[in-house]
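Visitor: Handing you this structure, nothing more for now.
2 protein chains.
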Amino acid sequence: MKTESLRLRSAPVNLDELKTACANCNLREICLPAGLSEAEIHGLDELVYVRKKVRRGDALYRTDEAFDAIYAIRSGFFKTRVTTSDGRDQVTGFSMAGEILGMDGIGHDKHNCDAIALEDSEICTIPYSNLEKIALEVPSLQRHFHKVMSREIIRENGVMMLLGVMRAEERLAAFLLNLSQRLNARGYSALEFNLRMTREEIGSYLGMKLETVSRLFSKFQADGLIEVNQKYVGLRNIEGLREIYAHHTR
Amino acid sequence: MKTESLRLRSAPVNLDELKTACANCNLREICLPAGLSEAEIHGLDELVYVRKKVRRGDALYRTDEAFDAIYAIRSGFFKTRVTTSDGRDQVTGFSMAGEILGMDGIGHDKHNCDAIALEDSEICTIPYSNLEKIALEVPSLQRHFHKVMSREIIRENGVMMLLGVMRAEERLAAFLLNLSQRLNARGYSALEFNLRMTREEIGSYLGMKLETVSRLFSKFQADGLIEVNQKYVGLRNIEGLREIYAHHTR
DNA sequence: CGCTCGTTTTGATTTGGATCAAAGCTTCGT
DNA sequence: ACGAAGCTTTGATCCAAATCAAAACGAGCG
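Residue numbers (my numbering), protein chains in the order written: chain Z, 39 to 288; chain F, 39 to 288.
Here it is in structure tokens:
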């Protein structure tokens with residue numbers, strides 16, 4: 039299957055490709071179609087008309103680019119980041135298969151952050167105008183889309199909490215537990231994984247310097263909580279991490 | 039007009055009250071109806087069926103309460119906050135007239151934060167089921183609601199930036215400039231205002247301690263940037279505040 | 001295969017903001 | 001009008017994480 043050939047195609051839609059869109063996608067339980075009926079998912083299929091690859095290091099979209107679509111990650115891993123006028127940047131999230139990117143663009147018809155692939159990735163483009171149209175016809179899709187946006191608000195509330203009140207140790211424990219849980223939901227091991235991001239990116243997300251991330255990894259390892267080796271992380275004492283996260287230790 | 043008598047009323051809707059809902063509301067330019075046509079606003083009116091007062095210190099809603107409506111602030115001032123398992127809390131935002139509260143509830147059908155009135159306030163209740171229904175009939179309302187949610191995501195991105203990369207001074211300057219700009223958009227002075235929140239609440243929002251907030255207010259005053267006296271704040275050098283915000287000084 | 005550049009680790013030192021402490025203001029209830 | 005409780009300010013001290021520094025490691029490439 040040559041996905042590349044699809045890249046710039048618009049109507050008429052390629053039917054073979056569409057078959058593999060939502061209805062047959064193994065991510066449908068955690069992606070936009072979650073909770074929709076078979077028939078409704080076929081409705082959704084109509085709007086996902088371009089699959090695209092994004093190479094590691096490339097941007098899916100950038101700040102101030104015109105907004106016209108949201109994206110579902112089919113495979114791969116992304117970071118999103120915002121940048122200050124003087125060049126410092128803040129990683130606002132890491133996204134993996136089944137998650138939705140680009141909702142920041144709706145508010146002002148242009149994107150408000152950069153979405154950068156941290157590994158070669160594949161995404162489904164969902165033109166916003168199609169989504170709007172189909173949401174009018176499929177109320178459960180409208181509702182589900184609202185849920186997806188609301189959950190992004192909730193997630194960001196959680197990050198504000200991390201950054202505002204937690205100590206560096208607690209933040210890193212929270213980060214590891216969250217990553218583990220999301221990987222697990224996708225059928226990967228909850229206990230062992232390879233990080234896709236650098237210490238600097240983790241640090242940016244968690245509001246600390248890369249040296250602090252590195253030191254805390256070493257400390258967690260010394261305490262028997264995890265095993266780390268470069269990108270490899272193995273969780274050895276989840277309960278211990280939870281205690282740090284919940285601030286039972288200090 | 040006895041608004042109190044409306045509190046627990048449901049259908050049939052009181053027509054006199056409805057007249058004063060969106061179509062005649064002086065907030066319609068900055069509230070949910072912004073950008074809708076006259077006819078569309080009358081559609082919106084149908085769904086705002088309860089006006090309610092919230093006394094200073096009382097909650098409009100609390101974490102884990104069942105979600106069934108979003109709220110437009112008609113007058114007054116709110117904070118939203120999330121709380122950790124061990125009781126520390128993080129103020130996630132301050133909201134004023136024309137702004138929408140409660141979108142955090144959609145994601146999991148229950149609220150994810152507390153919304154507390156910082157002064158006696160009046161809100162318009164917009165039952166979510168009505169909003170969903172009318173959004174299906176009024177596409178521009180659907181689109182506008184998406185924008186409101188997206189802008190909340192954008193706002194939170196900005197707060198993550200504040201908390202993640204900025205120094206205490208920059209955060210406080212950003213806070214003052216943002217407050218000034220929003221008050222100004224509502225017809226109040228951009229240069230003088232009375233804070234509705236305590237130093238502790240500002241500190242919680244900005245990820246610093248109340249003593250730090252107080253010290254920085256004093257420092258800004260000593261530097262001729264502002265004049266502060268308890269809740270009163272006068273901005274004396276907006277450009278100077280912008281420079282601090284943009285990190286041109288250090 | 002070996003070089004280069006980016007990433008990670010670890011150590012030494014500094015510092016912005018937290019914490020601890022105490023006094024001065026304000027507001028509110030009786 | 002008074003007293004109490006809650007804010008705010010300011011000072012002294014401390015500490016978690018930043019910064020500065022340097023070596024070790026690893027992946028990608030000619």
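Glycine is no exception: its CB is placed at the ideal position from the N, C-alpha and C atoms. Please read these numbers as outputs of a predicted model, since none were measured by experiment.
Report all residues from its chain with a CB closer than 7 Å to the CB of Z:Gln259; omit the five preceding and five following residues, and keep chain order.
Guide: The residues are Glu265 and Val266.
Visitor: Is any beta-carbon of chain F found at less than 8 Å from that of Z:Thr122?
Guide: At least one chain F Cβ lies under 8 Å of Z:Thr122.
Visitor: Looking only at its chain, what residues have a beta carbon closer than 7 Å to the beta carbon of F:Gln128, apart from the 5 residues adjacent to it on each side?
Guide: Cβ within range, chain order: Arg119, Val120 and Ser242.
Visitor: Three-state secondary structure (DSSP) at F:Arg45?
Guide: The predicted model places F:Arg45 with a pLDDT of 35, which falls under 50 and marks its position as unreliable; any figure quoted below should be read in that light. If DSSP states are grouped into helix, strand and coil, F:Arg45 belongs with coil.
Visitor: Just to confirm the assignment: which complete beta strand (DSSP E) runs, minimum length 3, are found wholly within the region 239-267 of chain F?
Guide: List check, beta strand (DSSP E) in window: 264-267.
Visitor: Strictly below 7 Å CB to CB, what residues from chain F border Z:Lys185?
Guide: By Cβ distance, chain F contributes Ile144 and Gly145.
Visitor: Within 8 Å (strictly less), CB to CB, does Z:Met354 reach chain F?
Guide: Because residue 354 of chain Z is not part of the residues shown, which for chain Z are 39 to 288, the question remains open.
Visitor: Does F:Gln259 get closer than 8 Å to chain Z when you measure Cβ to Cβ?
Guide: Not one chain Z Cβ lies under 8 Å of F:Gln259.
Visitor: Using 10 angstroms around the beta-carbon of F:Ile219, count the other beta-carbons present and answer buried if the total reaches 16, otherwise exposed.
Guide: The sequence as given places Gln at residue 219 of chain F; Ile does not occur at that position. Exposed.
Visitor: For the region 198-222 of chain Z, enumerate the residues whose C-beta is nearer than 7 Å to any C-beta of chain F, in chain order.
Guide: Residues passing the 7 Å Cβ filter: Met198, Met199, Leu201, Gly202 and Val203.
Visitor: Is the region 176-196 of chain Z close to the region 143-155 of chain F, with three or more CB pairs under 8 Å?
Guide: With a cut-off of 8 Å, the region 143-155 of chain F and the region 176-196 of chain Z count as touching, because enough Cβ pairs lie within range.
Visitor: Are there 16 or more other CB atoms within 10 angstroms of the CB of Z:Gln268, so buried, or fewer, so exposed?
Guide: Classification of Z:Gln268: exposed, given that the 10 Å Cβ count is below 16.
Visitor: Who pairs with Z:Gly34 in a beta bridge, going by DSSP?
Guide: In this structure chain Z extends from 39 to 288, so residue 34 of chain Z is not present and cannot be described.
Visitor: I need the boundaries of the beta strand (DSSP E) containing F:Pro165, first residue and last residue.
Guide: F:Pro165 -> beta strand (DSSP E) spans Ser159 to Pro165.
Visitor: Of all the alpha helix (DSSP H) runs that stay within the bounds of the region 75-117 of chain F, which reach a length of 4 or more residues?
Guide: Fully enclosed alpha helix (DSSP H) runs of 4 or longer: 76-83.
Visitor: Evaluate contact between the region 106-117 of chain F and the region 207-222 of chain F, counting only Cβ atoms and requiring at least three cross-stretch pairs below 8 Å.
Guide: At 8 Å Cβ cutoff, the stretches do not touch.
Visitor: Which two residues bound the contiguous beta strand (DSSP E) that contains Z:Ile154?
Guide: Counting along the chain, the beta strand (DSSP E) containing Z:Ile154 begins and ends at Asp152 to Ala155.
Visitor: On the premise that Z:Ala107 lies in contact with Z:Arg224, defined as a C-beta separation below 8 Å, what is that separation, rounded to the nearest angstrom?
Guide: The Cβ separation is near 23 Å, so there is no contact.
Visitor: Buried or exposed: Z:Ala104, going by 16 or more other Cβ atoms within 10 Å of its Cβ?
Guide: Exposed is the call here.
Visitor: What does Z:Gly245 reach in chain F if we use C-beta pairs closer than 8 Å?
Guide: What Z:Gly245 touches in chain F: Leu201, Gly202 and Val203.
Visitor: Is the CB of Z:Glu194 under 8 Å away from at least one CB in chain F?
Guide: Chain F, which has a Cβ nearer than 8 Å to the Cβ of Z:Glu194, makes this yes.
Visitor: Starting from F:Met134, follow the beta strand (DSSP E) in both directions and report where the run begins and ends.
Guide: Note, F:Met134: beta strand (DSSP E), Asp127 to Met134.
Visitor: Are the C-beta atoms of F:Ser178 and some chain Z residue less than 8 Å apart?
Guide: No, F:Ser178 does not count as interfacial toward chain Z.
Visitor: With DSSP as the reference, label Z:Leu70 as helix, strand or coil.
Guide: If DSSP states are grouped into helix, strand and coil, Z:Leu70 belongs with coil.
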